[in-house]
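The numbering of the sequence shown is the working numbering, which starts it at 426 and goes up by one. All C-beta atoms in this analysis are idealised placements derived from N, C-alpha and C, irrespective of residue type, glycine included.
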Amino acid sequence: ALTQKGVSREDAYGLVQHNAMKVWNDPARKGGDFLRNLQEDGAINKHLNADELAALFDLDYHFSQIDEIFSRVF
426 ALTQKGVSRE DAYGLVQHNA MKVWNDPARK GGDFLRNLQE DGAINKHLNA
476 DELAALFDLD YHFSQIDEIF SRVF
């Protein structure tokens with residue numbers, strides 16, 4: 426989504442990785458929630474707002490074609 430807003434792949438990766446590592450490296454989850462970290466990151470907010478980020482985490486969208494995929498595979 427960041428690249429679709431004009432951010433280079435390398436920069437987008439760095440922004441997302443930075444926020445992911447906050448959670449990944451903290452087993453007690455004191456690093457926060459990944460989505461919340463993204464929503465609170467000013468560099469990301471220049472390109473994506475909180476609602477746009479939340480939509481990217483919507484599992485209904487990502488699983489919307491699951492029945493079709495399974496019918497083709499099985």
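Does chain D have any CB closer than 8 Å to the CB of W449?
In summary, chain D is missing from the structure at hand, where a single protein chain is found.
Using only alpha-carbon positions, find the residue among H472, K471, F482, N450 that is nearest to R461.
That would be F482, whose Cα lies nearest to the Cα of R461.
Under DSSP, the alpha helix (DSSP H) around F459 begins and ends at which residues?
That run of the alpha helix (DSSP H) goes 459-465.
Just curious, the alpha helix (DSSP H) that K410 is in, first and last residue?
Residue 410 lies beyond the residue range present for the chain, which begins at 426 and ends at 499; the question has no answer from this structure.
Separation of H443 from D458, as counted between CA atoms:
Near 13 Å, if we compare the C-alpha coordinates of H443 and D458.
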